[in-house]
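In the numbering used here, the protein residues as written are 2 to 204.
Contents: one structure, followed by commentary.
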Amino acid sequence: GSIDVLYNNAGYAAVGPFEAASQEEIKKQFDTNVFGVMNVTRAILPHFRERKSGTIITTTSMGGLITFPLYSLYHGTKWAVEGFMESLHYELKPFNIKVKCIEPGAIKTDFYDRSMNVVKKEGLTAYDKYTDACFPLMQEVGANAPGPEVVAQKVYKAATANNFKLRYPVGSQSPLLLFIRRMVPNSWFFAMVRKVVEKRFKA
């Protein structure tokens, strides 16, 4: 038989102050979220290229386009995958291979528990007040988000659409957030993020 669609969906988030992350934790984050995607994608390309047909779908994240505090490692991987897929979008089109990114915002799943690894360094307490103030707010966002069915619907749409559309934002707030990010100065956007995630933090 033949393979029509590759769906890259493995990933997790290493979260916390970057200073607290060990080399092993950094490597594990990039191995899973970036190098795993690259290796699987590279393996399927000869098959798709010979058939002159195929679709590569990858769950990236709104976190590959917009950042929040304490997610520096996760954002680093998702920005890497966004750039990787956008470049592939160009070079694979001559072979009729479609490249598509599913970009969820906050989704109500067990991601905030099972798929999240909090990095910690013994003796490093300088960030404690900041993390204690910010983490609960970000978890509240996930608790109030739409369920995973909205992601499944977008994946199906991407897999069955006969076009070369690259990006599929997921979630009611995602398109608006992207629009604001593109339209306002960085200083305004950063202030907006701080107002939301740091409202319980007092230096």
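Where is the CB? At the ideal position from N, CA and C, for every residue including glycine.
These numbers were taken from a predicted model, which means no experiment stands behind them.
Just measuring C-alpha positions, the residue of 120, 5 and 41 sitting nearest residue 82 is 41. Annotated three-state conformation of residue 2 is coil, per DSSP.
In this structure residue 161 does not touch residue 101 by the C-beta definition: roughly 11 Å separates them, more than the 8 Å allowed. Restricted to the segment 14-43, the beta strand (DSSP E) segments that are unbroken, complete and at least 3 residues in length are 14-16, listed in chain order. Counted as a single uninterrupted DSSP element, the beta strand (DSSP E) harbouring residue 168 occupies residues 168-171.
Secondary structure note for residue 101: its beta strand (DSSP E) is the uninterrupted segment 98-105. Contact between residue 22 and residue 74 holds, since their C-beta atoms are separated by about 6 Å, short of 8 Å. Note that the C-beta distance between residue 119 and residue 17 is below 7 Å. Sorting 201, 45 and 59 by C-alpha distance to the C-alpha of residue 134 places 201 at the top.
The beta carbon of residue 153 sits closer than 6 Å to no other beta carbon from its chain once the five residues preceding and following it are set aside.
Spatial neighbours of residue 167 in its own chain (CB-CB distance under 7 Å, excluding positions within 5 residues in sequence) are listed in chain order as 87, 90, 100, 101 and 102. Between residue 54 and residue 79, the CB-CB gap reaches or exceeds 7 Å. Residue pairing for residue 60: DSSP places it in a beta bridge opposite 103.
Going by DSSP, residue 73 is part of the alpha helix (DSSP H) stretching over 73-93.
Membership of residue 194 in the alpha helix (DSSP H) is indicated by the continuous run 187-198.
In this structure residue 95 is exposed. Its beta-carbon is surrounded by fewer than 16 other beta-carbon atoms within 10 angstroms. In this structure, 106 is the residue among 106, 29 and 159 with its C-alpha nearest to the C-alpha of residue 65. In the same chain as residue 68, and ignoring 5 residues on each side of it, the C-beta atoms closer than 6 Å to its own belong to 76, in chain order. Between the C-alpha atoms of residue 157 and residue 136 there is a straight-line separation of about 32 Å. Per DSSP, the continuous alpha helix (DSSP H) segment holding residue 176 begins and ends at 175-184.
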